[in-house]
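Chains as they are written, first to last, in the numbering used here: chain A, 10 to 303; chain Y, 610 to 848.
By construction, the Cβ of each residue, glycine as well, lies at the ideal position given by its N, Cα and C atoms.
See the structure below:
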């Protein structure tokens with residue numbers, strides 16, 4: 010029982026981070042019709058920023074670790090926002106709805122940013138200090154308190170985005186543009202402005218995911234690559250452009266990773282994921298909740 | 610003689626790449642008089658509507674709407690000026706509910722009370738939608754989808770309604786319903802430009818008519834006169 014609880018929380022926690030990351034990617038695709046291969050770089054930058062600034066903060070001010078974490082998290086989000094604005098206006102705005110142009114741009118940015126991060130932060134893996142110590146027991150299984158907190162924040166952020174997209178006027182405009190750009194414009198929706206918002210929200214989701222993964226993993230400039238490939242798997246399984254699909258796919262992949270990783274072996278978990286993708290591409294290429302192109 | 614022109618196109622030309630789709634279009638819509646633009650598939654009808662609404666830039670010519678010059682203005686400003694298009698193929702947001710599709714038509718409006726009144730009016734025009742409000746748009750029949758599309762356009766509180774082939778593919782009974790509603794909309798003070806392949810219905814419904822062929826207007830006049838003209842009868846009415 011304790012083991013299952015541990016695996017479940019583990020699944021929820023990685024799953025929520027995957028979902029955040031993949032949601033951002035799918036939102037950007039939906040609104041801009043751009044597959045942003047540099048999406049992982051926002052994720053990486055957020056984690057790196059926290060890893061670099063948090064020890065400095067702790068040394069200088071001596072606040073509890075979780076206070077430092079949230080301050081540095083906010084700083085990291087701000088940094089990513091600035092990078093996002095620059096990349097959007099210098100690059101992506103010119104390649105809206107241009108799959109080939111944006112592919113070349115975003116792959117270039119992926120490589121460029123990884124190089125820049127290596128140059129600034131060096132390649133040595135960094136570790137973020139624990140933000141909370143201690144354990145709690147759930148259903149007989151011992152769990153680190155910080156994992157539980159991070160899991161909670163990730164689920165809350167996912168829920169928040171879901172509400173934003175489904176319940177607000179901005180969310181409705183984002184969905185409208187994703188479903189039919191011209192029809193959305195005919196309702197008076199400013200396509201360019203909405204596509205900028207979509208890009209910033211999507212990139213922000215990646216940054217939040219990066220900030221949440223920071224205390225749980227070793228951080229290097231290539232951290233985002235692994236998550237990017239998993240996000241593609243999630244999107245293929247869930248359905249490209251579908252938000253509920255990304256949520257479902259994210260937790261499904263996390264479950265495979267968590268359970269197959271424990272009962273079999275982590276390399277089998279990876280194989281299982283790719284098998285799943287193959288099955289989906291053969292049987293249901295539009296994904297669980299995607300729509301076939303009309 | 611027939612009042613002032615609400616919408617006036619003069620010398621409008623639009624191209625796709627190097628291909629000229631329509632050229633030298635002069636067209637007027639008069640206050641309170643339904644105008645129709647008929648023509649066969651590919652004649653350039655939709656292109657003209659895209660030019661008016663700003664979805665497509667003009668190579669030449671001007672679009673005047675009331676006192677405003679709408680030439681090459683951004684779409685959202687043209688919508689704000691009071692021009693609303695019911696696009697060809699309805700173009701609803703398929704996964705959104707009927708209610709959301711209607712509400713998004715009022716996206717730019719802040720006069721909540723008037724928006725609610727317009728919503729009620731749409732329900733009055735199309736009572737069939739009442740029980741489908743929570744259904745996803747893509748689950749509706751073609752006729753109901755067309756009703757939502759017209760309703761959505763009305764939700765922006767337009768002064769001028771542009772309809773692009775609203776009856777295509779619909780059963781005759783629904784065509785009748787749509788025709789009646791278009792007449793009602795016109796009588797309620799919203800001016801109408803109707804673009805149709807269905808010349809029968811369009812000519813009977815409207816006061817003024819234009820015939821478009823290969824991107825140019827080849828005939829214009831009162832709808833009742835065009836209905837009697839031999840050329841129109843042969844080409845568009847199958848007589």
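Can you find the residues in the same chain that come closer than 7 Å, C-beta to C-beta, to residue 303 (chain A), ignoring five residues on each side of it along the sequence?
Residue placement at residue 303 (chain A) is flagged as unreliable, the pLDDT there being 41, under the threshold of 50; the coordinate-derived value follows with that caveat. Cβ neighbours of residue 303 (chain A) beyond the five flanking positions: none.
Could you name each continuous beta strand (DSSP E) segment of 3 residues or more that falls completely within the segment 614-690 of chain Y, going from the start of the chain to the end?
The segment 614-690 of chain Y contains these whole beta strand (DSSP E) runs: 614-625, 628-639, 644-648, 669-674.
Secondary structure of residue 697 (chain Y), DSSP reduced to three states:
coil
Rounded C-alpha distance that separates residue 284 (chain A) from residue 268 (chain A)
Cα atoms of residue 284 (chain A) and residue 268 (chain A): separation of roughly 16 Å, rounded to the nearest angstrom.
Identity of the residues DSSP links to residue 830 (chain Y) by a beta bridge
Y:818
Can you name the start and end residues of the beta strand (DSSP E) that residue 278 (chain A) belongs to?
Premise fails: residue 278 (chain A) lies in the alpha helix (DSSP H), 275-292, not in any beta strand (DSSP E).
Apply the 10 Å Cβ neighbour rule to residue 705 (chain Y) and answer buried if 16 or more other Cβ atoms are within range, or exposed otherwise.
buried
Here's the rule: buried if 16 or more other CB atoms are within 10 angstroms of the residue's CB, otherwise exposed. What is residue 134 (chain A)?
With fewer than 16 Cβ atoms within 10 Å of its Cβ, residue 134 (chain A) is classed as exposed.
Report the three-state DSSP secondary structure of residue 792 (chain Y) (helix, strand or coil).
In the structure shown, residue 792 (chain Y) falls within a helical segment according to DSSP collapsed to helix, strand and coil.
Please confirm if residue 172 (chain A) has its CB atom under 7 Å from at least one CB of chain Y.
no
Please classify residue 744 (chain Y): does DSSP put it in a helix, a strand, or coil?
Looking at residue 744 (chain Y) - three-state DSSP - the assignment turns out to be coil, as it is neither helix nor strand.
Could you check whether the segment 206-221 of chain A touches the segment 157-168 of chain A, counting it as contact only if at least three pairs of C-beta atoms, one from each stretch, sit closer than 8 Å?
yes
Go to residue 166 (chain A), then tell me how far its alpha helix (DSSP H) extends in each direction, as first and last residue.
154-176
Please work out which residues of its chain come closer than 7 Å, Cβ to Cβ, to residue 691 (chain Y), disregarding the five sequence neighbours upstream and downstream, and give them in chain order.
Excluding residues within five positions, the ones whose Cβ falls inside 7 Å are 767, 768, 769.
If contact is defined by three or more beta carbon pairs under 8 Å, each pair taking one atom from either stretch, is the segment 613-621 of chain Y in contact with the segment 773-793 of chain Y?
No, the segment 773-793 of chain Y does not touch the segment 613-621 of chain Y.
Suppose contacts are defined by Cβ-Cβ distances below 7 Å. Is residue 200 (chain A) in contact with residue 194 (chain A) by that definition?
Closer than 7 Å, so yes.
Mind checking residue 204 (chain A): buried by the 16 CB within 10 Å criterion, or exposed?
Buried, by the Cβ-count rule.
Using C-beta distances below 7 Å, list every residue in its chain close to residue 845 (chain Y), excluding the 5 sequence neighbours before and after it, in chain order.
Exclusion of the five residues before and after residue 845 (chain Y) leaves 647, 808 as the residues of its chain whose Cβ lies within less than 7 Å of its Cβ.
How far does the alpha helix (DSSP H) with residue 555 (chain Y) in it reach, from first residue to last?
Because chain Y in this structure spans residues 610 to 848, residue 555 (chain Y) falls outside the shown range and cannot be described.
Terminal residues of the beta strand (DSSP E) in which residue 769 (chain Y) lies
769-773
Same chain, Cβ closer than 7 Å to residue 667 (chain Y), five either side skipped, listed in chain order
621, 622, 623, 660, 680, 681
At least one CB of chain A closer than 7 Å to the CB of residue 788 (chain Y): is that the case?
no
Is there a Cβ from chain A that is less than 7 Å from the Cβ of residue 702 (chain Y)?
For residue 702 (chain Y), at least one C-beta of chain A is nearer than 7 Å to its own C-beta.
Residue 180 (chain A) at chain Y interface by Cβ criterion, 7 Å
no
My understanding is that residue 773 (chain Y) touches residue 804 (chain Y), with C-beta atoms under 8 Å, so please give their C-beta distance in whole angstroms.
5 Å
Pick helix, strand or coil for residue 303 (chain A), following the three-state DSSP scheme.
Note that residue 303 (chain A) has pLDDT 41, beneath the 50 cutoff, so the model's placement of it is unreliable and the number below is only indicative. Coil, per DSSP.
Give the residues from the segment 185-197 of chain A that approach chain Y closer than 7 Å (Cβ to any Cβ), ordered along the chain.
185, 188, 189, 191, 192, 194, 195, 196, 197
Is any beta-carbon of chain A found at less than 7 Å from that of residue 672 (chain Y)?
no
Rounded to whole angstroms, what's the CA-CA distance from residue 145 (chain A) to residue 20 (chain A)? Just pull it up for me.
For the pair residue 145 (chain A) and residue 20 (chain A), the Cα-to-Cα distance works out to about 17 Å.
Using only the alpha-carbon positions, how far apart do residue 253 (chain A) and residue 297 (chain A) sit?
9 Å
Determine, for residue 738 (chain Y), whether the minimum Cβ-Cβ distance to residues of chain A falls below 7 Å.
no
Can you tell me where the beta strand (DSSP E) holding residue 229 (chain A) begins and where it ends?
Residue 229 (chain A) -> no beta strand (DSSP E), and no H or E assigned at all.
Between which two residues does the alpha helix (DSSP H) harbouring residue 116 (chain A) extend?
108-130
Taking the beta carbon of residue 178 (chain A) as the centre, do at least 16 other beta carbons fall within 10 Å, making it buried, or is it exposed?
exposed
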